[in-house]
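Everything below concerns the one structure shown next.
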Amino acid sequence: MATIDQLEAAGFDLTTASGDQIAVLQSLSDEELQVLVSIKARMEEAADVEAHAYASGGWCW
1 MATIDQLEAA GFDLTTASGD QIAVLQSLSD EELQVLVSIK ARMEEAADVE
51 AHAYASGGWC W
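In my numbering, the protein residues as written are 1 to 61.
Here it is, written out as structure tokens:
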């Protein structure tokens, strides 16, 4: 089970999370938390790429 400290260290902002959301996150195993952190990182990276492409006027592959 994940602790609040582990979730915050993984980059989750719990200040706006509901009690139910925190409970679900805390119920994750270490492996599940690692998968979620990996997905979160990929989504943030994709958002950064999209924002850069938009700011530069289009996609440049």
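Think of the CB as a built atom: it goes at the ideal place given N, C-alpha and C, for glycine as much as any other residue.
Run of the alpha helix (DSSP H) containing residue i, from where it starts to where it stops
i, result
"Met101", "What is shown of the chain runs 1 to 61, which leaves residue 101 out entirely."
"Gly11", "Run containing Gly11: none; DSSP gives neither H nor E here."
"Ala23", "Gly19 to Gln26"
Buried/exposed call for residue i, threshold 16 Cβ in 10 Å
i, result
"Leu14", "exposed"
"Ala2", "buried"
Distance between residue j and residue i (C-alpha atoms, nearest Å)
i, j, result
"Ile4", "Asp30", "13 Å"
"Ala23", "Glu8", "14 Å"
"Ala51", "Glu44", "10 Å"
Rounded distance between the beta-carbons of residue j and residue i, thought under 8 Å
i, j, result
"Ala10", "Leu33", "7 Å"
"Phe12", "Leu28", "Contact flag wrong, Cβ pair sits at about 11 Å."
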